[in-house]
Structure formats: C-alpha cells, structure tokens
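Everything on this sheet refers to the single structure shown next.
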Amino acid sequence: MTVPGSRDDDITRVSGSPGTGLNMDSNTRIGPWRILRRIGSGGMGDVFLAERADGAFQQQVALKLLLNRGSVDALSRFAIERQALARLEHPNIARLIDGGEGPDGRPYLAMEFVDGVPLDEYLADRPIDQILDVMRQVCDAVAYAHRQLILHRDLKPGNILVDKDGRPRLLDFGIAKLLESPQAIEGTIHREIVYTPQYASPEQVFDEAIGVPSDVYSLGVILYRLLSGMKPYEVETGVTAHKLMTLMESLKVTPPSRAVAGNTHLGANERRHRARRLTGDLDTVVLTAMHRDPARRYGSVDALSDDLARVVQHLPIRARPDSMAYRARLFVRRNRVAVIAGVLLFLALLGGLMSSLWQANIAREQRSRAEARFNDVRELARSLLFDIHDAIAKLPGSTAARSVLVQKAQAYLERLDQEGEAPLALKREIAEAWLRIGDVQGKPGQANLGETVAALQSYDRADAALAPVLMASPDNEKALLTRAHIANSRAATTFFGSDMQRADQEYQRAQAILEPLATRGVRGATQALLVTLTGLGDVAYWTDQYSTAIAHYRAAIALFPKLDDVPQRVRDLNRANLETRLGDVMAWNGDLKASRNVFKKVLDELGALRESAPHDGQVLGALALVWIKLGDSFEEDSPAQQLDAYQHALPIYQELADLDHADVSAQRSLALNLSKLGNALTANQRYVEAGEKLDAALASMRTISANDPANLEYLRSVGNMLYYQALLQIQQGHPDSAVPLVEEMLANRRKASATAPDSSMYQRDVAIALGLLVDLQPKAASHCARNAEANALWLAIKANGAAFPSDADEMTKVAKRAAACATAP
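Next up, the structure:
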C-alpha cells in the first residue's frame, strides 16, 4: 500500500507544523488497535498499519494519529464530526471505522486499509479516455459526500489510491476539517488551517468561506496534472501563507493543452497528439473547474462529471470559456490606475461620451428585459410545478399528465440555472422539481409510473441540487424541509422495494431534521413529521416489531390537532389512513376485536368523505384498502365475511384502474385484490370463479414485475399469486397440477431471498414453498433434503423472533419430518 504522508504533495499546515515522527513499537496499543508498523507521516500526523487487538474480530486498518491534542470542547467536536464521516458508505470512499483519543491525548482515526497506488502514479501516461473514466468515479464519490453535507477539503492524488481492481478509493474524507483547531471554528486570527498548497483553492488560501466550489477547484488541479503531466503552477516546499497568497493573487493558469509541451515523459508525437485532444473542450472543462472566482466554477461536482462524460461521448459541453467582457472586468481590477488615466483621456473626447451613454442606456434596457424574462420563465415553471400539478394530482387518470408537467417545469428551471449565477432559491426549486419527478415516477401510496429505480435516481439528483443551498446556508428552513421531504420519499420507495434497513435510515434522517423544525413552528414541518413517524411505524410493523409500530402510529395520530394549516378534509383523510395502519398492526398483534372496531370506524369516516367527492382517487384508494384489511382480519375465523369484504373493495379498485391506465399503483392494487378475492373464493369452495380471478391477477402482476424487475415487492406478489393458484389445485384434488406452480413459486422465492438475504420475510417464503413441495411429493428423492433446508430456515426465523403465531403448526410438522429423516435407514 502507498500511504499519503510520504509524498511531496502531502497535507500541510500553513502555520508550519511538521510531522511528529513518534516512535512506537509493534506492541503499542491505541484504543482497541495494536500498532504493526509505521507506514507514513506528514503534516497531519503519523500513519500506522494496525490490527484489532481486543479479539472482537480480525481487521487491519490505517491508523492515523493526528497532531492536535484537543481540549474538552475540541474532542467533543471531533467526536461529532467523526460520527458524520462514519456514515459515508460509497464504493469509492475508504470508510472511517473507528476513532478516539490516543495515549498522549491526541485524537486518532482508524481508516479502512486500502492496498493501492496513488492516482497520479496509476494514471501516468494512460490514455485520456481512461483518465476521464477514473476521474468520473472520483467525482461520483465526492458528489456523494457533498450530498451528505461533507466536504473533503484536501483532494489530491496522494489521497486517492487505485486498488488492484482499478477502482479509485478516496482517503481522509473530511479529515482536514477535523484537524482544524478550535480557534478555527471560533474564527480568531490564530486560525490554523490544514490543506495541501499545490491543490488548495484560492478561498482556502485567503481564509474565505469554504464550500462545494473548493473541492471542485482541487479536482480541477488533479485533472490538470493527470491530463498534461504538469503542475498548473509551482508551489515551493514549505511555502509560507503570505507567499501562497501572493501567488494566488497574480495567478494565471496556462491551458493544459499548452502545458503538455513540457511533459518530457511523453514522446514528441504523443505530446502533439495529446495537445490536440486537450485543445478546446478539455481545456475549458479544466479551466472552468479551476476558475479563480468560485461562482464561475462548476456549481457541483456532478456538473463537472457530466461535462467529462460529454467529452468522451463527443457531445457539446455545458461550460463556456471566459467572455471578453469578463476578462475586461478582471483587467480593470488589476490595473485600476492605468484604467483611470485612460478614462480621463476618453472623457476629453466629448463626442464619444454621448455615444457611450446612449449605448449604456440600451444595455440597461436589454438587461431589464433579460431579468424580466428570467422571472417570467421561473414563475411559469413554479406554476407548472406547484399550482397546476397540485390541482390535477387528485384527479384519476392524471399520472401521465403530471409527469409531463413536472418534467417541463424541471427543464425550464435547469435552463435558468445555466444562465449565469442562479440564486439559491432557484436551486432549491430545482431540487423540489427532481423530488416531484421522483414521486411521479415511483413513490408508493400515490399514482405513479412504477419506475422505482428512476425515482431513486431522481431523489439523488434532488439532494445534489439542494447541497449547494445547505452548504451556503445550513440553517435555511425551507431547504431543510425539502431535504426531509426527499428523505421521506426515498424511504417510502426503498420500503416498497423491501429494503427495510435503508428505509429506516432515511426516515430517521428525516426525523432528525423535522423535530426541531416542528418545535419552532416551521410551516409544513409537523405534517412532514407525521409522514415520517408513520413510515417508522411501517418499518417496525414489517419487521415484526408490533409494539414499536403501534407507538409510532399513535405518536403520529397525536400530531393531527397541531395541523392548523392543513385543510380539514386532508386531515380527515390522513387520519383515516393512519388509523387503518393502526388497526392492521393490532390484528397482527392478536387483538382482532379492537382491530375490527377501528376498521369499521374508518369505513364510516371515509364514506362521509366520499359523499362530498365521489371521484377523489385518494379517498377511493383509502376506502378500498380498509375493506382489504378488514377482510384480512377474518382469514382465520370467517371465510364468508372475508369474501364479502374483498368483494366490497373490487369495484373501487376497478374504477381507479380504469380511470388511469398509466397508474401502476392502481393496476397493482387491482391485481392484489383479485388474488385475495380468488383465494377467498377457493376457501368458500367456489373454484371456477376463483380460477378466473387468480388467472387475471397473475397475468397483470407478471407484466408489472417484468417492467420493474428490481422491485422485490412486485416479485413477491407474483410468488403469492402462484401460491394461491397452487392452493386452488390442491383444494380441487389435483396435487400433480400444483407441483409446477409451487416449483415456479420456489424459484421466485429464492430469487427474492438471494437479493435480500437478511430478510426473515423472504426466508419464510422459501421455507413455506419447500414445505409445500415436500407435502406434494412425499416420495421424491429430494424429500429429506428439501425438508432439512426448510427446517433450518424455520429455526433461523424463530431465533430472530420473526415467526408468526400461525407458523407454529408448519414449524412443528417440518421439525417432525426432519427427525424422521435423521433416523431413517
């Protein structure tokens, strides 16, 4: 492994502190880690290869013993920052594993040990397209961290190692911030700043506000060196802060296409070839990223990465070289005395003066018209995005129209964002546009296009658009509220895809943002918090934590009296939906009487809402769902009442599906209702009708799942419908006809379980399918092997506390078979 610390571009404290060179033998312990050997040292401190010493597990880390000996306040801040960095989970970022205080009071960090070579060594003399491909991976990692509101602050080739698989791994994310002294936070004149001079942005050098553009600048310097093989400017070793400021003040960067001529590692022909390739777009991309003015750099790392992709694909880039007008403004700033003299001379020419005044007046009028056009287009986009979209959102059949409206609005806003220095409010509106696009694409619980993967990508773009706003103004309440909405939508979508852990993380992220906002009375925060608590209840419910789910639902219901700014009708509908969830979890918790009382109360409430708006899709969907949940509660004790409830739901779901064929959510709800109805008809021995309903349900669900293969819940629904069809064949006395259905069902269950191996729900599905195959083929050669696999799964499910009370009979049957197989000759 090559470790930053032994290279000439290593991190430097501009105040001049050297590395410590601390001597430690191989038995020294720091926290739970045992030192093996030194692998580097530098301005940030000492770096050691270490291994876990407490026997908890085997692991090697790069242990960085930092320079600062912190005060109590500094160590407290260090711990908070460390927790934020530990949440970074990205394939191109070396993880922060542990941290604490060393034996001499200095903070330490245990980082993932990366066995690789520095980026510039790996890419030396590589083709340009390969350089751009690797740099796009680096950009993806940096952009991900920015979306988590974490800057790197010290990007350089030595902090980017390329592993044996050719994958770049970023080291030391955010450590430069951890290394700042407490005075740096307080903003005193004794501020001690950590950065690498060769790659530092001008704002770092001049002690100005640091944000996303600073990391963009450092990436630009890295690109410059990789593409040209040369440094954009020379920085002396041990340079003082004053000299560095002087250098930056007069800095003029030579385009990389011209600098490559000095790269003696390349042959003459290769230098000429590379210069031709760099001339034009790549020069513009690099110089835009390295612009002296942060406002004229790329607004995000994603934008830089996008232009690199455009270069590879031979598409027009979005960056533009500096105009003559901009260069003239810089000339005036640098040469004020000479310009003033020239102006005085010009003023002597009275005829020219009148002409200039006339032209200036025209320019003002043109600027006013441009500003008016900017505001008009922005207002049009806002109208499409909020007023018109919200007005039609409740109308059945509006899914496709909503998609067009939101995408048009987003296109307008993106175009405005490219027309110079866009205000932060516009960037927030762009984030809200991506949020709404994601909701239309695939957010569960509302009409959507069923494109869950695309929806998650849109939520990521929403976060990326919002990052500059929160970087510039971390306490911006509107931006924080938007970020919470994004987290809620991402959580709902990942929950629907059965990623319970991710859903829980996103809901908790939203909760951490929303609770302080709701306490301060920020408009919309309480309503969003209600959604978050409901989501946390859903996750607890689906992970069999029924008491926790009930507590979350009741906490959410308690918020309704505080929703003064929400129309009464909306409040009533949302409360009815939440009470439906509460009734459902009560049923699963064994309190059927209380559950059914809740459902009947909600049916009355929704019936009143339907009378005043008979075609409101949200009310219709909520009403149908209550009938389904009421039917589910009768599964064990009354097949007739179950069938009656499902039959009440069918015409409602059919109406919703007929009104909007583009609404995948409505189509799936209809298919699920048909399958439940078919199963209930089977239980009531109405086999012909059951077969018709089950065939229709399975055909529809296969189509939905094929269009979104990554959605595990769609896949599981197909398996459920195969199960119901198999039960129908068994009930009719045709076990041989059930076998191929159960075999397909087992393959379906295995696919889902392999994708989510930690899900007890999917393990249970596999165990049930195996048990059913054993029932159907008791003399098959695979009888004992299948039963043994089922028994192992049931034991694991029981050990995890995820078995349902209704599973007891199946578990006992499988266990007895396993015992019989064990004693069989």
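Plus 619 on top of the position in the sequence shown (first one is 1) and you've got my numbering. From the three backbone atoms N, C-alpha and C, an ideal C-beta is built for every residue, glycine too.
Query, Result
"Spatially closest choice to residue 1396 from 1376, 1149, 1356, by CA coordinates", "1356"
"When 1331, 843, 1119 are compared against residue 588, the one with the closest alpha-carbon", "Within the shown structure, residues of the chain are numbered from 620 to 1444, placing residue 588 beyond reach of any answer."
"Three-state secondary structure assigned by DSSP to residue 787", "strand"
"CB contact flag (residue 1447, residue 669, <9 Å)", "Nothing in the structure corresponds to residue 1447, since the chain is present only between 620 and 1444."
"Local Cβ density within 10 Å of residue 748, reported as buried at 16 or more and exposed below that", "exposed"
"N- and C-terminal bounds of the beta strand (DSSP E) containing residue 720", "715–720"
"Which of helix, strand or coil DSSP assigns to residue 730", "strand"
"Neighbourhood of residue 884 by C-beta distance below 8 Å, restricted to the same chain and skipping five residues each side", "743, 744, 848"
"Simplified DSSP state of residue 712, which is helix, strand or coil", "strand"
"DSSP state of residue 1002 mapped onto helix, strand, coil", "Only weak support is given to the placement of residue 1002: the predicted model assigns it a pLDDT of 45, under 50, and the value that follows is read from those uncertain coordinates. If DSSP states are grouped into helix, strand and coil, residue 1002 belongs with the helices."
"Residue 1152, buried or exposed, once every other Cβ within 10 Å from all chains shown has been counted against 16", "buried"
"Candidates 913, 901, 1187, 910: closest to residue 928 by CA position", "901"
"Straight-line Cα distance separating residue 1290 from residue 1057", "24 Å"
"Own chain partners of residue 1133 with C-beta closer than 7 Å, once the 5 adjacent residues on each side are dropped", "1103, 1144, 1147, 1148, 1151"
"Cβ contact (3+ pairs, closer than 8 Å) linking the region 1222–1239 and the region 1270–1286", "yes"
"Pairwise C-alpha distance: residue 1317 and residue 1120", "29 Å"
"Pick from 1258, 1430, 1077 that is closest to residue 1060, judged by C-alpha positions", "1077"
"Residue 950 classed as buried or exposed, judged by whether at least 16 other C-beta atoms fall within 10 angstroms", "Note that residue 950 scores 46 on pLDDT, short of 50, meaning its location in the model is unreliable; the coordinates nonetheless yield the value given after this. With fewer than 16 Cβ atoms within 10 Å of its Cβ, residue 950 is classed as exposed."
"Counterpart residues of residue 866 in DSSP-defined beta bridges", "Answer by DSSP bridge pairing: none, since residue 866 is not bridged."
"Counterpart residues of residue 648 in DSSP-defined beta bridges", "653"
"DSSP three-state assignment for residue 1150, whether helix, strand or coil", "helix"
"Three-state secondary structure assigned by DSSP to residue 875", "helix"
"8 Å CB neighbourhood of residue 998 in its chain, flanking five on each side removed", "Caution applies to residue 998, whose pLDDT of 47 falls short of 50 and renders its modelled position unreliable; the model cannot decide the point."
"Residues sharing a beta bridge with residue 1218, DSSP", "Looking at the DSSP assignment, residue 1218 forms no beta bridge with any residue, so it has no partner."
"C-beta atoms of residue 871 and residue 818 nearer than 9 Å", "no"
"Within 9 Å, strictly: CB atoms of residue 1288 and residue 1272", "yes"
"Inter-residue spacing [alpha-carbon to alpha-carbon] between residue 1389 and residue 1437", "13 Å"
"Residue 1070 (DSSP reduced to helix, strand or coil)", "coil"
"Residues of its chain near residue 1335, where Cβ-Cβ distance is below 6 Å and the 5 sequence neighbours each way are ignored", "1371"
"Cα-Cα separation, residue 934 to residue 897", "15 Å"
"Alpha helix (DSSP H) runs contained entirely in the region 1185–1252, provided each spans 4 or more residues", "1187–1207, 1211–1231, 1236–1252"
"Distance, residue 1367 Cα to residue 1348 Cα", "19 Å"
"Selected residue, minimal CA-CA separation from residue 815, among 783, 832, 857, 827", "857"
"Reference residue 1180, options 1071, 753, 1193, 708, closest by Cα", "1193"
"Residue 1287 - DSSP class collapsed to helix/strand/coil", "helix"
"C-alpha gap between residue 766 and residue 1170, whole angstroms", "32 Å"
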